[in-house]
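A.B. asks: Take this structure first; my questions come after.
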Amino acid sequence: MYILENITMTEFKKYLKQTKTIVFPFGTIEEHGSHLPLKTDAFTIEEALRIVAKKKKFFLAPVLHYGVCTTTKDHPGTISISAETLRRFSYDLVTESYKKGLRNFLLISGHGGSLHMSALKETAEVLVERLKDIRIAVLSPYDVIWKELSAIAETPNDSHAGELETSIMLYLAPELVKGRAAEEYPKIPKPFTVRDKVKYWPGGVWGNPQKATREKGEKAMKLITDKIIDILGMIEKMK
Ligand SMILES: [Zn+2]
Numbered sequence: 001m002y003i004l005e006n007i008t009m010t011e012f013k014k015y016l017k018q019t020k021t022i023v024f025p026f027g028t029i030e031e032h033g034s035h036l037p038l039k040t041d042a043f044t045i046e047e048a049l050r051i052v053a054k055k056k057k058f059f060l061a062p063v064l065h066y067g068v069c070t071t072t073k074d075h076p077g078t079i080s081i082s083a084e085t086l087r088r089f090s091y092d093l094v095t096e097s098y099k100k101g102l103r104n105f106l107l108i109s110g111h112g113g114s115l116h117m118s119a120l121k122e123t124a125e126v127l128v129e130r131l132k133d134i135r136i137a138v139l140s141p142y143d144v145i146w147k148e149l150s151a152i153a154e155t156p157n158d159s160h161a162g163e164l165e166t167s168i169m170l171y172l173a174p175e176l177v178k179g180r181a182a183e184e185y186p187k188i189p190k191p192f193t194v195r196d197k198v199k200y201w202p203g204g205v206w207g208n209p210q211k212a213t214r215e216k217g218e219k220a221m222k223l224i225t226d227k228i229i230d231i232l233g234m235i236e237k238m239k
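Residue numbers for the sequence shown follow the numbering used here, so the first one is 1 and each next one is one higher.
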């Protein structure tokens with residue numbers, strides 16, 4: 001792996017002969033209950049890519065620490081951006097790196113929010129029409145291996161800051177886990193979009209962090225990193 005921000009201009013030119021693949025990681029600054037840090041999504045995906053990097057050659061761009069948050073956007077600490085900002089930002093990242101010779105693009109997000117993911121997917125749709133010789137994939141591990149990840153958790157329907165995310169953080173950085181929040185689920189009445197979301201979801205947890213363990217986190221990370229390795233292999237072979 002070539003960590004984009006650490007290499008020189010000369011190294012960039014040299015490594016470009018070995019790979020045309022760049023990975024852009026996306027995260028959030030977002031509440032993750034009373035027990036996990038605001039950077040959880042960014043941190044998790046960055047760590048996964050560092051593990052993948054030991055086995056694959058690609059350029060790793062710095063993680064974007066801001067993303068589109070919806071149900072968590074009123075909670076303390078969350079600093080969200082709009083879908084429009086994310087579309088424009090990701091569009092610029094790909095077109096500028098295309099000008100520098102890169103052709104395979106992986107936009108990977110540690111945050112699986114639906115508006116956030118659809119903003120990235122919309123960008124990919126536009127780019128794949130405009131830049132004829134690129135390969136581009138947009139994914140969140142929580143999207144592509146949801147079934148496999150769910151099988152690790154004891155909590156059905158576990159999600160944001162719940163059993164799995166807490167387990168992953170316990171595995172990667174136990175010093176950043178401040179106890180365990182209680183089991184909780186958002187109570188936003190379907191199908192409404194509501195004001196004052198905190199009222200319906202005070203603790204900001206979706207699932208049961210009490211069931212989190214380091215071992216489950218290790219298993220989840222293995223699934224996530226194996227999947228990223230697969231997808232990197234696929235993108236390199238695509239015509
Ligand atoms: Zn998260």
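Positions of the beta carbon are idealized from the N, C-alpha and C atoms, including for glycine.
Nearest-angstrom Cα distance between LEU64 and THR28?
C.D. replies: Computed Cα separation, rounded: 8 Å.
A.B. asks: Assuming ALA61 contacts LEU139 (C-beta within less than 8 Å), just tell me the rounded distance between them.
C.D. replies: 15 Å between Cβ atoms; not a contact.
A.B. asks: Comparing alpha-carbon positions, which option in LYS239, ASP230 and HIS160 lies nearest VAL52?
C.D. replies: Among LYS239, ASP230 and HIS160, the Cα nearest to that of VAL52 is on ASP230.
A.B. asks: Quick one: what's HIS32 bridged to in DSSP?
C.D. replies: SER34 and LEU36, per the DSSP bridge assignment.
A.B. asks: Which of the three DSSP states, helix, strand or coil, is assigned to GLU47?
C.D. replies: Correct three-state label for GLU47: helix.
A.B. asks: What residues match up with SER109 in a beta bridge as DSSP calls it?
C.D. replies: In DSSP, SER109 forms a bridge with PHE26.
A.B. asks: Leaving out five residues on either side along the sequence, give the residues of the same chain with a beta carbon under 6 Å from the beta carbon of LYS73.
C.D. replies: So the list reads SER80, once near-sequence residues are dropped.
A.B. asks: Could you give the first and the last residue of the continuous alpha helix (DSSP H) run that contains ILE188?
C.D. replies: It is not in any alpha helix (DSSP H) - ILE188 carries neither H nor E in the DSSP assignment.
A.B. asks: Compute every distance between the C-beta of THR40 and the non-hydrogen atoms of ligand 1, then say whether any falls below 7 Å.
C.D. replies: True, at least one ligand heavy atom lies under 7 Å from that Cβ.
A.B. asks: Assess, as a yes-or-no matter, whether the stretch 173-181 is touched by the stretch 122-131 under the definition of 3 or more beta carbon pairs within less than 8 Å.
C.D. replies: With a cut-off of 8 Å, the stretch 173-181 and the stretch 122-131 do not count as touching, because too few Cβ pairs lie within range.
A.B. asks: Using a Cβ-based criterion (distance less than 7 Å to any ligand heavy atom), does HIS65 qualify as near ligand 3?
C.D. replies: The ligand content of the structure shown is limited to ligand 1, which means ligand 3 is not among them.
A.B. asks: Can you tell which of GLY207, SER118 and ILE188 has its C-alpha closest to the C-alpha of ALA161?
C.D. replies: Here the closest residue by C-alpha is GLY207.
A.B. asks: Is HIS32 close to ligand 1? I mean its beta-carbon at under 7 Å from any heavy atom of the ligand.
C.D. replies: True, at least one ligand heavy atom lies under 7 Å from that Cβ.
A.B. asks: If you measure from the CB of HIS160, is any heavy atom of ligand 1 nearer than 7 Å?
C.D. replies: Yes, since a heavy atom of ligand 1 falls inside the 7 Å radius drawn around the Cβ of HIS160.
A.B. asks: So for ALA153, helix, strand or coil by DSSP?
C.D. replies: In the structure shown, ALA153 sits in coil (DSSP, three-state: anything other than H, G, I, E or B).
A.B. asks: Between which residues of its own chain and LEU102 is the CB-CB distance below 6 Å, once the five residues before and five after are set aside?
C.D. replies: So the list reads LYS20 and ILE22, once near-sequence residues are dropped.
A.B. asks: Ends of the beta strand (DSSP E) at VAL138?
C.D. replies: Here the beta strand (DSSP E) through VAL138 covers 135-139.
A.B. asks: For HIS75, is the beta carbon positioned less than 7 Å from some heavy atom of ligand 1?
C.D. replies: Result no, Cβ not under 7 Å from ligand 1.
A.B. asks: Under 7 Å: does the beta carbon of HIS116 sit that close to some heavy atom of ligand 1?
C.D. replies: Because no heavy atom of ligand 1 lies under 7 Å away, the Cβ of HIS116 does not count as near it: no.
A.B. asks: Using the Cβ count rule (16 or more neighbours within 10 Å means buried), how would you classify MET221?
C.D. replies: Buried is the call here.
A.B. asks: When the Cα atoms are used, what is the spatial distance from ASN6 to THR225?
C.D. replies: Going from the Cα of ASN6 to the Cα of THR225 covers about 23 Å.
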